[in-house]
């Protein structure tokens, strides 16, 4: 009974289906991990950009205070 052609075709079909399913599952997990990695990098870059903006505002504020100090100072 185990050597019957229908059993062999069913077994081969099942194995091919399982192999395809595992490939697709691995592919989708790989893409999900890549997306997570990209999101972590994006968040790090956003944090760095926010820090740079804050430093820029601090420098502009400092420059404005220095300019005001020298404007008000007599020659």
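Numbering (the numbering used here), first residue to last: 26 to 100.
Cβ coordinates follow ideal geometry from the N, Cα and C atoms, glycine included.
Distance between residue 31 and residue 67, taken at the CA atoms: about 53 Å. Secondary structure note for residue 64: its alpha helix (DSSP H) is the uninterrupted segment 30–97. Excluding the 5 residues flanking it on each side, residue 94 has no same chain C-beta neighbour closer than 6 Å. Cβ contact annotation for residue 53 (same chain, cutoff 8 Å, sequence separation greater than five): none. Residue 90 and residue 55 have their C-alpha atoms roughly 53 Å apart.
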